[in-house]
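Undergrad:
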Amino acid sequence: MPATRPAPPDLELKKAPTQARAVETYERILAACAELLGEVGIERLSTNLVCQRAGISPPALYQYFPNKYAILHELGTRLMQVQNELLTPWAVPATFQLPETDFAASVADLFLKTLALTEHMPAGVWVTRALRAVPSLQSVRNLSHDQVTDMLLLPFMSAHPSADPARAKLTIRLAIDALYAAQELLFDDPSLDAEAVASTMSEMVAAQLCRLRG
């Protein structure tokens, strides 16, 4: 008889903090988890360790989070949101109308800015790894990439209305995942030249998107 798969962990926030003291406790939990994640890794991280670091009791933590994965889910969601905010001034029709060389340079610049932002976020690199390594957290990344795809498709189609929207959407989504994977590679192998990776990846992305301009 095949073994049954364990149920995925509950990622739902139990309640949102409203009063100032509750918000302060909530933020201390997130900060403690981020600190510990970089120190002990995903597997050794526990809610007990988070409570000890935050200086709170387990019941205080469990008011908001059912387990460590729910805390990581919140950290991952915040990281994705901050990363995506970099796209807002970039994701305009004028960007997608740039000559291929200039467009590639703008993608490379955005890639390096996102890389630097992630490295400077508290446990940003470790949160990125958690979103890849923990199956229940992968939806955070997938949802964010879906949202970014839609965000970029609109200005692309505005700049190039004769392009095939389905092909453009697929190409944009693949480009997002490829660029994200390249950033993860840089986190895993710091010996690689970040600027060389950014240049190579951006040229690949630019070539594919420019072919769709029509």
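First residue of the sequence shown: 1, per UniProt numbering; consecutive thereafter.
Don't be surprised by glycine CBs; every beta carbon is placed ideally from N, CA and C.
#1: Considering ARG129, what are the terminal residues of the alpha helix (DSSP H) in which it resides?
#2: Confirm, please, whether the CB-CB distance from LEU143 to TYR69 is below 8 Å.
#3: Which of helix, strand or coil does DSSP assign to residue 225?
#4: Can you tell me whether THR88 is buried or exposed? The criterion is at least 16 other CB atoms within 10 Å of its CB, across all chains shown.
#5: Counting only runs of 4+ residues fully inside the region 56-118, write out the alpha helix (DSSP H) ranges in chain order.
#6: Would you check if there are 3 or more beta carbon pairs closer than 8 Å linking the region 123-134 to the region 189-198?
#7: Flag this pair as yes or no: are the beta carbons of LEU72 and VAL50 separated by less than 8 Å?
#8: Can you grab the Cα-Cα spacing for the pair GLU100 / PRO59, in whole Å?
#9: Can GLN208 and THR171 be called in contact, C-beta distance under 8 Å?
#10: Tell me which residues share the same chain as GLY214 and place their Cβ nearer than 7 Å to its Cβ, disregarding the 5 neighbours each side in the sequence.
#11: What span of residues does the alpha helix (DSSP H) with ARG28 cover, start to end?
#12: State yes or no: is the C-beta of CYS210 within less than 8 Å of the C-beta of PHE103?
#13: Determine the direct distance from the alpha carbon of THR200 to that of LEU179, and round the result to whole angstroms.
#14: Just to confirm before moving on: does the CB-CB distance between ALA108 and SER202 stay below 8 Å?
#15: If you measure between the beta carbons of PHE156 and ALA166, is that distance less than 8 Å?
#16: With H, G and I counted as helix, E and B as strand and the rest as coil, what does DSSP make of ARG141?
TA: Taking the geometry as given:
#1: 124-133
#2: For TYR69 and LEU143, no; Cβs fall outside 8 Å.
#3: Nothing in the structure corresponds to residue 225, since the chain is present only between 1 and 214.
#4: That one is exposed.
#5: The region 56-118 contains these whole alpha helix (DSSP H) runs: 58-62, 68-85 and 93-96.
#6: no
#7: Result no, Cβ atoms of LEU72 and VAL50 do not sit closer than 8 Å.
#8: 56 Å
#9: yes
#10: HIS160, SER162 and ALA163
#11: 20-44
#12: yes
#13: 10 Å
#14: yes
#15: When the beta-carbon positions are compared, PHE156 and ALA166 stay at least 8 Å from each other.
#16: helix
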